[in-house]
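Trainee:
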Amino acid sequence: MWRAKLNPRKVAPYLFLLPFLVIFAAFQIYPLIYGVIISFYRFRGLAERQFVGLDNYVRLLNNPQFYQALENTTYYTLGTLIILIPIPVILAVLLNSKLTRASSVYQTASFLPALTSLVVVGAVFRLLLDERGGLVNAALQAIGVAPQKWLNSAALVIPSLLILAFWRWAGINIIYFLSGLTAIPQELYEAAEIDGATGLRRFWHITLPLLKPVIVFVTIISTIGGYQLFTEVYVLWPQGGTPGNAGLTLALALYRAAFRSFDLGYAGVLGVVMGLIIMVISVIQFKLFGFFRDVE
Amino acid sequence: MSKAISLQRIQAAARSSFSWRKGKLLAGQVLVGILFLALSLAFLIPFYWMVISSFKPVEDIFSLGFQLIPKRVTLAAYSELFATKPYLRWFWNTLFMTAMHTVATLLIAAMAGYALAKYRFRGANAVFLTILASTMIPLHLKLIPLFLTLNAYRLINTYTGVVLPTLANSFAVFFMRQFMLSIDSDLLDAARIDGASEFRLFWNIALPLSKPALSALGVLVALGFWNDLLWPLVVTRTPDMFPLSVGLASLTSTYRPQYHLLMSGSFLSVLPIIVAYSFARRTFTRGLAISSGLKG
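Heads up: the protein sequence lines correspond to chains Y and B, in order.
According to this note's numbering, the stretch in the first sequence is residues 1 to 296, in order.
According to this note's numbering, the stretch in the second sequence is residues 1001 to 1296, in order.
(1) Can you tell which of Y:103, Y:161 and Y:108 has its C-alpha closest to the C-alpha of residue 126 of chain Y?
(2) Just checking: is the beta-carbon of residue 28 of chain Y within a distance shorter than 8 angstroms of some beta-carbon in chain B?
(3) Which runs of the alpha helix (DSSP H), 4 residues or longer, sit entirely within the region 1170-1221 of chain B?
(4) Compare the C-beta of residue 1100 of chain B against all C-beta atoms of chain Y and say whether one is closer than 8 angstroms.
(5) What are the start and end residues of the alpha helix (DSSP H) that includes residue 30 of chain Y?
(6) Whole angstroms are fine: how far does the CA of residue 224 of chain Y sit from the CA of residue 296 of chain Y?
(7) Is the CB-CB distance between residue 56 of chain Y and residue 268 of chain Y below 8 angstroms?
(8) With three or more C-beta pairs closer than 8 angstroms as the rule, is the region 14-23 of chain Y touching the region 1103-1119 of chain B?
(9) Once you ignore the five residues that flank residue 1191 of chain B on each side, which residues in its own chain have a CB closer than 7 angstroms to its CB?
(10) Mapping the DSSP letters down to three states, classify residue 1295 of chain B as helix, strand or coil.
(11) Establish whether the CB of residue 169 of chain Y and some CB of chain B are separated by less than 8 angstroms.
(12) Just by C-beta distance, which residues in the region 242-274 of chain Y are closer than 8 angstroms to chain B?
(13) Quick one: residues in its chain with C-beta nearer than 7 angstroms to the C-beta of residue 1248 of chain B, no 5 flanking neighbours on either side, listed in chain order?
(14) Just checking: is the beta-carbon of residue 1029 of chain B within a distance shorter than 8 angstroms of some beta-carbon in chain Y?
(15) Please work out which residues of its chain come closer than 6 angstroms, Cβ to Cβ, to residue 1147 of chain B, disregarding the five sequence neighbours upstream and downstream, and give them in chain order.
(16) Please tell me whether residue 128 of chain Y has its Cβ less than 8 angstroms away from any Cβ of chain B.
(17) From residue 1040 of chain B to residue 111 of chain Y, what does the alpha carbon distance come to, in whole angstroms?
(18) Could you compute how far the alpha carbon of residue 1181 of chain B sits from the alpha carbon of residue 29 of chain Y?
(19) Expressed to the nearest angstrom, what Euclidean distance is found between the alpha-carbon atoms of residue 1189 of chain B and residue 1109 of chain B?
(20) Any idea if residue 168 of chain Y is buried or exposed, counting beta-carbon neighbours within 10 angstroms, 16 or more meaning buried?
(21) Three-state secondary structure (DSSP) at residue 50 of chain Y?
(22) Drop a sphere of 10 angstroms on the beta-carbon of residue 13 of chain Y, count the other beta-carbons inside from all chains shown, and report buried for 16 or more, exposed for fewer.
(23) Cβ of residue 1174 of chain B within 8 angstroms of Cβ of residue 1219 of chain B?
(24) From the DSSP output, in three-state form, read off residue 1120 of chain B for me.
(25) From the beta carbon of residue 1283 of chain B, is the nearest beta carbon of chain Y less than 8 angstroms away?
(26) Which same chain residues end up closer than 6 angstroms to residue 188 of chain Y when comparing Cβ atoms and leaving out the 5 residues on each side of it in sequence?
(27) Smallest Cα separation from residue 1122 of chain B: which of Y:9, Y:132, Y:265 and Y:131?
(28) Taking the continuous beta strand (DSSP E) assigned at residue 43 of chain Y, which residues delimit it?
(29) Since residue 277 of chain Y and residue 227 of chain Y should fall inside the 8 angstroms C-beta cutoff, what is the C-beta to C-beta distance between them, to a whole number of angstroms?
(30) Figure out for me which residue from Y:24, Y:54 and Y:79 has the closest Cα to the Cα of residue 270 of chain Y.
(31) Compare the beta carbon distance of residue 1155 of chain B and residue 32 of chain Y with 8 angstroms and say whether it is the shorter of the two.
(32) Any C-beta of chain B sitting closer than 8 angstroms to the C-beta of residue 207 of chain Y?
(33) Note down, in chain order, every chain Y residue with its Cβ under 8 angstroms from the Cβ of residue 1273 of chain B.
(34) In this structure, how does DSSP classify residue 1238 of chain B when only helix, strand and coil are distinguished?
(35) Anyone know if the C-beta pair for residue 24 of chain Y and residue 1168 of chain B falls short of 8 angstroms?
(36) Enumerate in chain order the residues of its own chain whose CB-to-CB distance from residue 1070 of chain B is below 7 angstroms, with the five nearest sequence positions on each side excluded.
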């Protein structure tokens, strides 16, 4: 009887959503809540645990390593924003202009690193940046610059990571910006040219404003990605120590707390803090760029 | 007569200014060409270095000075890799899990995206906004709870444990929803009148029409899973269950990193992706282009 009343068109969307929602609830929502709960417990092994209130949070705030990790991760993220947005924008504009022939060849070359796993990238850069036999120092010596202790001096940890980041991500960002550029109507440039606008002015008044949505997108994913930095450091300094802890990141601190010291509650706090930082920054960026208006 | 002269003058002036502009363009092309040639080299050299290092005898890997072509070539690293490490097993683990992950993620996301794009139902907005918001939550907040949950269900160190929690991909649902909005509803209604079931509308109409989106998204999803380190590092425990990323990372963490194995293993792990890319270049970049254009 009730079957006859059931309109398949009313039921269908729920059935289509069901597999996603079940897995989403089990592996996204539930761990999210559980993750916050864990941060109030102290673990002995995996099974035994004891409610300690805000103790883990107090421990985090009293731990100088936390501030160092926060600082390192922030420097790295800012660094990636500074090098991985303006330079790829300019490269994309050049690739898209009459000035470049064989643009697709260059695009392919710059995109290959993006296909490569970060473990492989880290391994290759360890070889390239090696103090004694690395190619980078060999190249520096060839042009008369003293070899640098890329991986063994605190001051060069973040620069080394940024070199790697540029190599790995520039090609992807160029693709993002190129796809934004090709969407800009050509007539705008022609009209501006007739009005006598120079190349630089056209870039400033047409290209940049119309590229803004893509720049915003790249800024946000770069920020989120930057704060999650883990693999590169894990592979470049596998012994667990970067010089002067200059490469200690939030994610690395979390991984070590959980799977080296088995201090799961403390790792849980780091997870909560990372989640908060990333969400707050994303929301600020969304607001700043007025992105919520577009969604509604 | 004076008119004819002035016309000639104008033509001559136009010609000379044209060739002057052409010269400027050519100079620009040369400069930009040199820039991109240098950049492309910088992007390609690490690959080249990886490949030649993998064919060098161990003691030559750090040989000082730059040798464009290695003096001695050997396959020793490869035979040692296969003899001492379960490399083929790692390869299979990666291939198998990536395939499972990709097929299941696409299917689940396509169904959910179809429901959100093509039906009006109670709760649609709430579900959509929850999915959007969840794209900002970093894995790290969920890492410890997921680990404890998998541990409680004895799923640590299993394929299911690695793959299952990754299947509710919010970004993929968003991607599919945006694409499926463009599917013509009249087409679906016509099929409904012909008596097709709701599931057949999805399977026989919406899914085939979404092929471009599915292939672009599939590449993004597969590449992300193939290259991921942190998640499989947490879930897999024994070398026979490692994917390539974890297996290769394990080669770096010994006191003396085995660079010859690392380079040969890295090269073999990157090779299939570069081959796939060379066959389907546009598919690889289309997903990125689409996702940078999605607002949200």
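Here a beta-carbon is modelled for each residue, glycine too, at the ideal position from N, C-alpha and C.
If you're wondering where the values come from, they're calculated on a predicted model, not measured in any experiment.
Mentor: Once the coordinates are examined:
(1) Closest by alpha carbon: Y:161.
(2) yes
(3) Listed in chain order, they are 1170-1180 and 1185-1193.
(4) no
(5) 30-38
(6) At residue 296 of chain Y the pLDDT is 36, less than 50, meaning the model places this residue with poor confidence; the figure from the coordinates comes in the next sentence. Cα to Cα, the separation comes out at about 23 angstroms.
(7) yes
(8) Yes, the region 1103-1119 of chain B is in contact with the region 14-23 of chain Y.
(9) 1201 and 1205
(10) Confidence in residue 1295 of chain B is poor, its pLDDT being 48 and thus under 50, which makes the residue's placement unreliable; the coordinate value appears in the next sentence. Three-state DSSP puts residue 1295 of chain B in coil, outside helix and strand.
(11) At a cut-off of 8 angstroms, the C-beta of residue 169 of chain Y has no neighbouring C-beta in chain B.
(12) 250, 251, 254, 255, 258, 259, 264, 267, 268, 270, 271, 272 and 274
(13) 1262, 1265, 1266 and 1269
(14) It does; some Cβ of chain Y falls within 8 angstroms.
(15) 1234
(16) yes
(17) 10 angstroms
(18) 26 angstroms
(19) 22 angstroms
(20) Classification of residue 168 of chain Y: buried, given that the 10 Å Cβ count is 16 or more.
(21) strand
(22) buried
(23) no
(24) coil
(25) no
(26) Closer than 6 angstroms at the Cβ level, and outside the excluded window around residue 188 of chain Y, lie 206.
(27) Nearest C-alpha to residue 1122 of chain B: Y:9.
(28) 41-44
(29) 6 angstroms
(30) Y:54
(31) no
(32) no
(33) Residues of chain Y with a Cβ closer than 8 angstroms to the Cβ of residue 1273 of chain B are, in chain order, 115 and 116.
(34) coil
(35) yes
(36) 1052, 1055, 1056 and 1060
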